[in-house]
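At position 314 of the sequence shown the residue is numbered 318 (my numbering), and the sequence of numbers has no breaks.
Heads up, the beta-carbon is just placed ideally off N, CA and C, and yes, glycines get one too.
Please read these numbers as outputs of a predicted model, since none were measured by experiment.
All remarks here apply to the structure that follows.
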Amino acid sequence: MNNLDLHEPKRQATLGVAIIFFQNLRRAINFVLAVVVVNLGRDFSVLGMGYQGWGVIMAIFFLIYSYLQYLKFYFYVSGDNFIIEKGILKQEKITVPFARIQSVNTKQNLLQRILNLVGLKIDTAGSVAQEINIPALSKEYAASLREFLMQRRYELKEDEESSEEETEKELPLKYREPLLRLSLADLLRVGLTQNHLRSGLLLFAIVNGYIWQFEDYLIKPFEPFFKETANALLTKWVILLPMAFLVFLVISILSSLIVSILRYYDFRFYLGKEGLDIESGLLNRNSFNVPYEKIQYFFWESNPLRKILGYRTLKVKQAGTQGVNDRKLIGIPGLKARALLKVIQTHYPNRKSSKYSYYSPHRILFIQRSLFLGLLPALIIGAIFYYEQMAWLFYVPLPLFVLMVAFLSYRYWKSISLRVNADYLEIRRGYVFPKRILIPNYKLQNLGLKQSLIQKYRGISSFQFHTAAGTVRMPHLATEASRELYDYLAYCIESNKDKWM
Numbered sequence: 005m006n007n008l009d010l011h012e013p014k015r016q017a018t019l020g021v022a023i024i025f026f027q028n029l030r031r032a033i034n035f036v037l038a039v040v041v042v043n044l045g046r047d048f049s050v051l052g053m054g055y056q057g058w059g060v061i062m063a064i065f066f067l068i069y070s071y072l073q074y075l076k077f078y079f080y081v082s083g084d085n086f087i088i089e090k091g092i093l094k095q096e097k098i099t100v101p102f103a104r105i106q107s108v109n110t111k112q113n114l115l116q117r118i119l120n121l122v123g124l125k126i127d128t129a130g131s132v133a134q135e136i137n138i139p140a141l142s143k144e145y146a147a148s149l150r151e152f153l154m155q156r157r158y159e160l161k162e163d164e165e166s167s168e169e170e171t172e173k174e175l176p177l178k179y180r181e182p183l184l185r186l187s188l189a190d191l192l193r194v195g196l197t198q199n200h201l202r203s204g205l206l207l208f209a210i211v212n213g214y215i216w217q218f219e220d221y222l223i224k225p226f227e228p229f230f231k232e233t234a235n236a237l238l239t240k241w242v243i244l245l246p247m248a249f250l251v252f253l254v255i256s257i258l259s260s261l262i263v264s265i266l267r268y269y270d271f272r273f274y275l276g277k278e279g280l281d282i283e284s285g286l287l288n289r290n291s292f293n294v295p296y297e298k299i300q301y302f303f304w305e306s307n308p309l310r311k312i313l314g315y316r317t318l319k320v321k322q323a324g325t326q327g328v329n330d331r332k333l334i335g336i337p338g339l340k341a342r343a344l345l346k347v348i349q350t351h352y353p354n355r356k357s358s359k360y361s362y363y364s365p366h367r368i369l370f371i372q373r374s375l376f377l378g379l380l381p382a383l384i385i386g387a388i389f390y391y392e393q394m395a396w397l398f399y400v401p402l403p404l405f406v407l408m409v410a411f412l413s414y415r416y417w418k419s420i421s422l423r424v425n426a427d428y429l430e431i432r433r434g435y436v437f438p439k440r441i442l443i444p445n446y447k448l449q450n451l452g453l454k455q456s457l458i459q460k461y462r463g464i465s466s467f468q469f470h471t472a473a474g475t476v477r478m479p480h481l482a483t484e485a486s487r488e489l490y491d492y493l494a495y496c497i498e499s500n501k502d503k504w505m
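What follows is the structure, encoded as structure tokens:
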């Protein structure tokens with residue numbers, strides 16, 4: 005039993021002043037770099053002072069302001085509510101009913117780790133904005149506060165539901181040994197099997213954004229060199245292009261490895277009675293808890309490299325508005341088949357309790373993909389070659405391209421299936437990048453059927469499964485089968501007494 009007394013207002017740890025100060029200072033530096041430096045350049049001067057003088061004044065101002073913010077930040081308990089009061093010029097009072105708390109997570113950035121402090125984030129039901137944040141608590145106090153909040157939340161839930169099963173639940177509970185713990189070798193494998201193209205393009209976009217934002221300082225000094233070497237570089241593009249691609253590939257792989265190590269260092273995954281617990285991070289150490297009732301569905305996926313190593317990535321879709329849900333998507337990388345099966349069986353023990361019915365998409369899906377991704381692009385490119393009077397050698401790859409797209413479209417079409425029983429539905433799709441989605445029927449909030457003119461002519465329709473975590477689609481089912489499935493799932497949803505949250 006947690007005996008933490010929060011009836012009197014409490015402040016954060018004293019060193020929290022440093023955390024608040026550096027948060028304010030970082031915002032100020034970003035503003036100065038993005039607005040003042042870009043527009044006024046190096047020769048900025050106001051009242052005879054340049055960047056150095058004003059920097060000292062702003063640092064002193066933010067130190068005083070941060071201390072006042074620290075003094076004006078309180079949290080306490082009143083009745084069945086957790087209350088936070090903050091603000092200097094504009095005072096704000098945030099009231100969080102315990103019953104609406106969904107999860108309480110901890111986060112440590114590099115500065116917090118140096119100062120041995122922890123940030124606490126409270127996620128509430130239906131919150132559209134960022135989670136409620138207490139940025140600076142000692143580790144011990146943060147752990148006690150998290151336990152207190154979750155305990156009060158479950159006590160209220162037990163009172164509302166009056167259920168013996170809920171009353172007997174002990175909270176919090178976490179297995180001593182994590183179900184999954186990633187070693188450095190695992191991290192390297194996970195990094196090497198990431199989407200390197202996405203990593204490279206993301207890094208390129210970030211670097212390019214900074215270069216153009218500060219082009220006066222980063223590009224202009226090299227303009228004479230670029231002008232002198234431009235013609236020489238253009239004449240050697242045949243050599244430079246493969247080299248540039250190779251450099252891009254190497255940087256992309258290194259970027260994937262670095263991001264994987266920073267994000268998943270000392271990754272630990274627990275299954276507890278209150279939900280899933282995840283801890284990870286090198287510079288920023290994060291701890292997430294996902295209550296079971298907030299989980300809408302699981303999906304797991306792989307790619308060619310991870311299939312060879314036997315790894316899957318499990319992702320947890322949580323309830324929330326669509327605008328924030330993608331940011332709350334939790335991924336568990338590096339799961340072997342046995343660990344994945346244990347997670348699925350723990351959370352969905354009855355998924356094989358009744359017989360499944362199977363559904364497959366119409367072959368028009370294969371025809372559409374072959375046409376729009378293969379034949380039409382080949383015809384357009386062929387027309388361009390004909391107009392430019394290109395040699396016949398340029399046409400040779402086009403039939404091979406069409407055949408390759410047709411083969412991949414056929415395999416993709418054959419990979420898609422839907423199976424449904426009284427409690428669950430499962431969608432499988434993907435040949436090169438296989439993916440499986442498992443949704444309990446009682447988590448479905450709405451069902452939908454959509455028909456285009458072509459689908460109506462062919463007697464097919466697309467099925468839509470709406471959940472609190474977004475919409476999942478099954479394309480090109482026979483209309484008669486879709487209507488039967490619609491009626492069956494509607495009956496399953498209405499007859500099931502389980503709550504979606």
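**Asked** Given a threshold of 16 other Cβ atoms within 10 Å of its Cβ, counted over all protein chains shown, does asparagine 34 qualify as buried or as exposed?
**Response** Under this definition asparagine 34 is an exposed residue.
**Asked** Should isoleucine 61 go down as buried or exposed, given a rule of 16 or more other Cβ atoms within 10 Å for buried?
**Response** Exposure of isoleucine 61 is indicated by the presence of fewer than 16 other C-beta atoms within 10 angstroms of its C-beta.
**Request:** Report all residues from its chain with a CB closer than 7 angstroms to the CB of leucine 115; omit the five preceding and five following residues, and keep chain order.
**Result:** Here the set comprises Ile23 and Phe26.
**Item:** N-terminal and C-terminal residue of the beta strand (DSSP E) that proline 295 is part of
**Value:** From DSSP, the beta strand (DSSP E) with proline 295 extends over 289-295.
**Message:** At the level of alpha carbons, what is the spacing between asparagine 445 and alanine 189?
**Reply:** Their Cα atoms are separated by approximately 39 angstroms.
**Item:** Continuous alpha helix (DSSP H) stretch holding lysine 454: start and end
**Value:** Per DSSP, lysine 454 belongs to no alpha helix (DSSP H); it is in the beta strand (DSSP E), 448-454.
**Per DSSP, the bridge partner or partners of tyrosine 78** = Bridge partners of tyrosine 78: Glu89.
**DSSP beta-bridge partners of methionine 478** = Looking at the DSSP assignment, methionine 478 forms a beta bridge with Phe467.
**Request:** Using the Cα positions of glycine 338 and isoleucine 388, report the straight-line distance between them to the nearest angstrom.
**Result:** Rounded to the nearest whole angstrom, the C-alpha separation of glycine 338 and isoleucine 388 is 45 angstroms.
**Message:** For the alpha helix (DSSP H) containing valine 406, name the first residue and the last one.
**Reply:** It spans 401-419 - the alpha helix (DSSP H) in which valine 406 sits, taken as one unbroken run.
**Request:** Would you mind working out which of Leu207, Ile371, Met394 and Arg433 sits nearest serine 306, comparing C-alpha positions?
**Result:** Ranking the options by Cα distance to serine 306, first place goes to Arg433.
**Message:** Measuring alpha carbon to alpha carbon, tell me which residue in Leu453, Ser419 and Asn425 is nearest phenylalanine 437.
**Reply:** Measuring from the Cα of phenylalanine 437, the nearest candidate turns out to be Ser419.
**Contact between the region 376-395 and the region 454-462 (3+ Cβ pairs under 8 angstroms)** = Taking 8 angstroms as the limit for Cβ pairs, the verdict is that the region 454-462 does not touch the region 376-395.
**Beta-carbon proximity list for tryptophan 58, same chain, < 6 angstroms, skipping 5 on both sides** = By the criterion of a C-beta distance shorter than 6 angstroms, tryptophan 58 is surrounded by no residue of its chain, once the five residues flanking it on both sides are discounted.
**the region 196-208 touching the region 289-298, judged by at least three CB pairs closer than 8 angstroms** = Note that the region 196-208 does not touch the region 289-298; fewer than 3 beta-carbon pairs, one per stretch, sit closer than 8 angstroms.
**Item:** DSSP beta-bridge partners of glutamine 112
**Value:** Arg289.
**Item:** Neighbourhood of tyrosine 69 by C-beta distance below 7 angstroms, restricted to the same chain and skipping five residues each side
**Value:** If you ignore the 5 residues before and after tyrosine 69, its C-beta comes within less than 7 angstroms of the C-beta of Asn28, all in its own chain and listed in chain order.
**Asked** Looking at the C-beta of valine 60, does it have a partner C-beta in chain C at a distance below 9 angstroms?
**Response** Absent from the structure: chain C. Only one protein chain is present.
**Asked** Applying the criterion that 16 or more other CB atoms from any shown protein chain within 10 Å of the CB defines a buried residue, is methionine 247 buried or exposed?
**Response** The residue is exposed, with fewer than 16 neighbouring Cβ atoms inside 10 Å.
**Asked** Looking at C-alpha atoms only, which residue of Ile431, Asp427, Ile443 and Ser456 is the closest neighbour of serine 499?
**Response** Checking every option, the nearest Cα to that of serine 499 belongs to Asp427.
**Sheet register partners of glutamine 322 (DSSP bridge)** = Glutamine 322 is bridged to Ile299.
**Item:** For asparagine 500, three-class secondary structure by DSSP
**Value:** Here asparagine 500 carries a coil assignment [DSSP, helix/strand/coil].
**Request:** May I have the straight-line CA-CA distance separating threonine 197 from isoleucine 257, to the nearest angstrom?
**Result:** So the alpha carbons of these two residues sit roughly 9 angstroms apart.
**Prompt:** What did DSSP end up calling serine 148 once you bin it into helix, strand or coil?
**Reply:** Of the three classes helix, strand and coil, the one that applies to serine 148 here is helix, per DSSP.
**Prompt:** Based on the DSSP secondary-structure assignment, which residues constitute the bridge partners of methionine 53?
**Reply:** In DSSP, methionine 53 forms a bridge with Val50.
**Message:** Between the alpha carbons of arginine 310 and tyrosine 74, how many angstroms are there, rounded?
**Reply:** Roughly 47 angstroms separates the two Cα atoms.
**Item:** Reference leucine 93, options Lys76, Arg487, Tyr435 and Gly195, closest by Cα
**Value:** Here the closest residue by C-alpha is Lys76.
**Asked** At which residues does the beta strand (DSSP E) containing phenylalanine 271 begin and terminate?
**Response** For phenylalanine 271, no beta strand (DSSP E) run applies, since DSSP gives it neither H nor E.
**Item:** Inter-residue spacing [alpha-carbon to alpha-carbon] between alanine 343 and tyrosine 268
**Value:** Approximately 17 angstroms between the Cα atoms of the pair.
**Request:** Kindly indicate which three-state DSSP category tyrosine 428 falls into: helix, strand or coil?
**Result:** Three-state DSSP puts tyrosine 428 in a strand.
**Request:** Find out if the Cβ-Cβ distance for the pair leucine 412, proline 479 is shorter than 9 angstroms.
**Result:** In this structure, leucine 412 keeps its C-beta atom at 9 angstroms or more from the C-beta atom of proline 479.
**Request:** Could you tell me whether the Cβ atoms of asparagine 109 and asparagine 290 are closer together than 9 angstroms?
**Result:** Yes, the pair counts as a contact, with Cβ atoms nearer than the cut-off.
**Request:** Answer with buried or exposed for glutamate 430, where buried requires no fewer than 16 other C-beta atoms within 10 angstroms of its C-beta.
**Result:** By the Cβ-count criterion, glutamate 430 is buried, with 16 or more other Cβ atoms from all chains shown falling within 10 Å of its own Cβ.
**Message:** What does DSSP give as the partner residue(s) for valine 122 in the beta ladder?
**Reply:** In DSSP, valine 122 forms a bridge with Leu141.
**Asked** Tell me which same chain residues have a C-beta within less than 6 angstroms of the C-beta of leucine 261, skipping the five on either side of it?
**Response** So the list reads Gly195, once near-sequence residues are dropped.
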